[in-house]
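Those protein sequences? They're chains V and B, same order as listed.
Heads up: the first sequence begins at 0 in numbering that gives the first Met the number 0, then just goes up one per residue.
Heads up: the second sequence begins at 0 in numbering that gives the first Met the number 0, then just goes up one per residue.
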Amino acid sequence: MSTHSSSHVHAKPAPVGGPLFNAVTLISGVLILTMAVILLVRFVYGLGSVTALNDGYPWGIWIAVDVVIGSAFACGGFSVAMLVYIFNKGEYHPLVRPALLASLLGYTLAGVGVIFDLGRWWNVWNMFWPGSVNPNSVMFEVAVCITAYIMVMWIEFAPTFFEKFGMDNAKRKLSKFMFAIIALGTLLPMMHQSSLGTLLVVMGEQVHPLWQTPTLPALYLLSAITMGYAVVLFESCLASAAYRRSIEMHLLTPLAKVMLGMLAAFLILRLGDLVVRGALPRAFGLSLEAVFFWLEMLCFIAPFFVIGSAANRRNPAKLFVAGILLMLGGALLRLNGFLIAYQPVIGVETSGVNFSYFPTLPELLVTVGMFAIEVFAYIVITRRFPVLPREEVKPA
Amino acid sequence: MAASIFEVDRESLSALEQRLQMPRREFLQFCATVAATLGLPAGAEAAVAKAVESAQRPSVIWLHFQECTGCSESLLRAEHPTIEKLILDVISLDYHETLMVAAGHQAEAARKDAMKAHKGKYVLVVEGAIPTKENGIYCKIGGHTAIDLLKECAADAAAVIAIGSCASWGGMPSTIPSLAGADSSPTGASGVAEVLGKPVVTIPGCPPNPYNFLATVVHFLTFGALPPVDKLGRPLFAYGRLIHESCERRAHFDAGRFAMQFGDEGHRKGYCLYKLGCKGPETYANCPTLGFNDVGESAWPVACGHPCIGCSEKGVGFQKPIHAVAKMLNVVPPTQYPRISEDVGKGASFASAAALAAIAGAAAGGAVMVAKNLGLSHQAAELEKAKDSKPKAEV
């Protein structure tokens, strides 16, 4: 990646090293195996054998969490790349590769996770077959865009593997058109992250007024970018705590400020929209939706109190907590729209059909397994491949 | 076919208004309807309009044989107020036993005159089967048998259209009686193509939808040729698909929801009539999409709760018992059906709620631990910094 400004000299990425077998990888491995067994049952006996999905709730946590929230969590790569390459903030470059790795894993798993949820998964190729596609469908846009982005990210991340295996020639050749790949890599997430919001727009009145708004695409995009920075804070703090490395506070502190700016923009749009549409009074009743709305708001507003002051932004513990809060807020925004504030049948009293959904244990274990794969792969790749910046040896 | 309907000359349209006593808007609507029925591309309505407004009215000779006049009736009783006006204006109906004023020798003379005047140009429409047993003595008009009349009129016709199931293959009169030893119909009723020994366009149905006939005639007017047909002579635009394919009750068939007897719960709920003997799966016609009587798509037998009897299909209509289950031609019923009762979800189970709580607890606990460690190391670093900076301050 020769595109970054030469005025910033960074430590080259290097493998962290260390054992691949430890308590975390072992636990992750067990969780992944559990997931594999459940998925085997799912693919042999069908969705009904392991999930609580029904005609009212055809989408459960495998879509709402694994795909929608999972891909939003995976926006770190996109958010940082945008900062570095579009706003030309080269100083953040050391954050790109680790963020990209997390994004790569998150998106790849989200893409694969869609197949788990497809009732007739063997028809999935129709999604890309020119004669079968419906170009007017939001889901088509999301499917094609996410697939394209996954491929783009693997190309973007390829230099890491080239470096590991000494394929300098390939790396040099790739670097010639890397700028185009990076451009695509910032464009595609903008398209599908907003389209994920559009998925809810087309559901109309089935989504509670606190979450149903024409601005959903913008809200989803803004919150995804914000969550991207939050994930970088979270991941950097966690990685340095786990690997006992020093934290790149000189990068994270200003990044946190950028994140707060994005968050403010998001909140202005979110609350402004609620006020303009006159939906805000719905938040002041005693209902499940209202409770979850305030939980979500709490997660979005609390970061201003946690890291609002410059002194607090220098404290990694506070950055870590703020990152988690923001990730939770973004996750709740999505979970609320897709499941909690989603009402399949309007007018339950008259129709007499009252659908309900709560994930089954196997469903939960598959979602946990997906996150376990991410942890497992992150550890293996960072320990063996040049992703994290080389630790500078400081004189004692 | 790039012409637009707006290019149709206004003056000729107003002349048409006078002639048909029909508002221009209704006329153009009619042209669009016919073009759509024929499955023609957008813009074709202009060609249709041009043809109808300007074409010389082709002479039509309409023969009636072994039938009930239901086809003529359906054409004339169309609810659309202007269809009969149009059909009588678009074509010059020179011989039609039910409609013409003339009688006896005068009527026959009209037929002969028309045949002579429009030799090789007139359209022959045949309604009813032709009895062939005993040299066709079972149906005579003016002393001539149906066979002779048909052959005489067809000889110089530009096109022959057999309207209704009887003219198409024999229809109801060709049904073999359920008598011991009977192996053919008493009169040997046959279709037009069989008697003439050459293929003709057939519009089967009992009665057929008037629009299918009208569209065929207008196609002839517009393009100078009859529309493409299948191997039984049926226009593909109308008989290209099975009733089963576009039936509004098809979803019930696929889901295994059937009416088992007339008036049962499934029948009242509008379930599929396949098990009551509906012949939709083996009958080619556009009844579900076109409907009858100009009142929309839901005016046809199946929509009214009666199974299709397959009236437009030789070997099905008037032959198979109405209650007999249809043979599936191109769709095999699934071996498994989805459940009819909907699963509405059970809510949280103890195990899943406990697991969710455990996951949340573990994540929260982990986060607190990491935050605590980060905080401690930060404190230590700050202290270190403070220590480092103190001696400097003293220097």
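The C-beta atom is built at its ideal place from N, Cα and C for all residues, glycine as well.
These numbers were taken from a predicted model, which means no experiment stands behind them.
Asked: Note down, in chain order, each residue of its chain lying with its Cβ closer than 6 Å to the Cβ of VAL33(B), except the 5 sequence neighbours on either side.; Found: VAL47, ALA214, VAL217
Asked: Using a cut-off of 9 Å between C-beta atoms, extract the partners of PHE357(V) located in chain B.; Found: GLY344, LYS345, GLY346, ALA347, SER348, SER351, ALA352, LEU355
Asked: Counting beta carbon pairs with one atom in the region 351-359 of chain V and one in the region 218-233 of chain V, are three or more of them shorter than 8 Å?; Found: no
Asked: At 7 Å on the CB atoms, spell out the chain V contacts of ALA366(B), in chain order.; Found: ILE323
Asked: Under 8 Å by Cβ, that's how I've got CYS165(B) and ALA128(B) pegged, so tell me the actual separation to the nearest angstrom.; Found: 4 Å
Asked: Taking only beta-carbon positions, decide if PRO394(V) is within less than 7 Å of chain B.; Found: Since pLDDT at PRO394(V) reaches only 42, below the 50 mark, its modelled position is unreliable, and the value read off the structure follows with that caveat. False, the Cβ-Cβ gap to chain B never drops below 7 Å.
Asked: Using alpha carbons as the reference points, say which of VAL122(B), LEU148(B), GLY265(B) lies closest to VAL200(B).; Found: VAL122(B)
Asked: Is PHE319(V) close to chain B? Criterion is C-beta to C-beta, closer than 7 Å.; Found: yes
Asked: Have a look at the DSSP bridge pairing and note the partners of ALA128(B).; Found: GLN65(B)
Asked: Residues bridged to PHE317(B) by DSSP?; Found: Its beta-bridge partners do not exist; DSSP assigns none.
Asked: Quick one: what does DSSP say ALA137(B) is sitting in, helix, strand or coil?; Found: A small correction: the amino acid at residue 137(B) is Tyr; Ala does not occupy that position in the sequence shown. It is coil, neither helix nor strand.
Asked: With a threshold of 7 Å between beta carbons, is HIS251(B) in contact with chain V?; Found: no
Asked: Given a cut-off of 7 Å, decide if PRO385(V) and PRO409(V) are closer than it, judged by their beta-carbon atoms.; Found: Missing from the structure shown is residue 409(V); chain V here goes from 0 to 395 and no further.
Asked: Based on the DSSP output, what are the partners of HIS95(B) in its beta bridges?; Found: TRP61(B)
Asked: Would you mind working out which of ARG383(V), LEU183(V), PHE375(V), LEU232(V) sits nearest ALA22(V), comparing C-alpha positions?; Found: PHE375(V)
Asked: Could you tell me how far apart the beta carbons of MET126(V) and PHE139(V) are, in whole angstroms, since I believe they sit closer than 8 Å?; Found: 7 Å
Asked: Under 7 Å between the Cβ atoms of ALA254(B) and LEU275(B)?; Found: no
Asked: Who are the neighbours of TYR341(V) on chain B, taking C-beta pairs under 9 Å?; Found: What TYR341(V) touches in chain B: nothing, since even the nearest Cβ is about 12 Å away.
Asked: GLU126(B) to TRP61(B), Cα distance in whole Å?; Found: 7 Å
Asked: Please check if any C-beta of chain B sits within less than 7 Å of the C-beta of CYS236(V).; Found: yes
Asked: At a CB-CB cut-off below 8 Å, which residues of chain V make contact with ILE358(B)?; Found: LEU363, VAL367
Asked: What is the C-beta distance between GLY170(B) and PHE291(B), in whole angstroms, given that I count them as a contact (C-beta under 8 Å)?; Found: At roughly 18 Å, the Cβ-Cβ gap does not stay under 8 Å, so GLY170(B) and PHE291(B) are not in contact.
Asked: Judging by CA-CA distance, which residue of LYS49(B), ASP93(B), ASP263(B) is the nearest neighbour of LEU27(B)?; Found: LYS49(B)
Asked: So which residues of chain V does HIS377(B) contact, with C-beta pairs closer than 7 Å?; Found: ASN314, PRO315, ALA316
Asked: Closer than 8 Å is the cut-off here; do at least three beta carbon pairs connect the region 293-306 of chain B with the region 353-365 of chain B?; Found: no
Asked: Quick one: Cα of CYS67(B) to Cα of SER73(B), how far?; Found: 11 Å
Asked: Would you mind telling me which residues of chain V sit closer than 7 Å to LEU373(B), beta carbon to beta carbon, in chain order?; Found: CYS236, ALA240, PRO315, ALA316, PHE319
Asked: Check the Cβ of GLU341(B) against every Cβ in chain V and list those closer than 9 Å, keeping chain order.; Found: ASN53, ASP54, GLY55, VAL352, PHE354
Asked: Output yes if chain B places a C-beta closer than 7 Å to the C-beta of LEU360(V); else output no.; Found: yes
Asked: Under 7 Å Cβ-Cβ, which residues of chain V neighbour ALA370(B)?; Found: ALA316, PHE319, VAL320
Asked: If we ignore side chains and look at the alpha-carbon of each, how far apart do SER5(V) and LEU250(V) end up?; Found: For SER5(V), the predicted model reports a pLDDT of 44, less than 50, meaning its position is unreliable and no value from the coordinates is stated.
Asked: Out of GLU204(V), ALA98(V), SER131(V), which has the shortest C-alpha to C-alpha gap to MET152(V)?; Found: ALA98(V)
Asked: Regarding GLY322(V) and the ligand ATP, is the C-beta to nearest heavy atom distance less than 6 Å?; Found: Only the bare structure without any ligand can be found here, which leaves the ligand ATP out of the picture.
Asked: Grouping DSSP H, G and I as helix and E and B as strand, with all else coil, what is PHE257(B)?; Found: strand
Asked: Within the same chain, show all residues whose beta-carbon is closer than 6 Å to that of ILE224(V), passing over the 5 residues directly before and after it, in chain order.; Found: SER78, MET261
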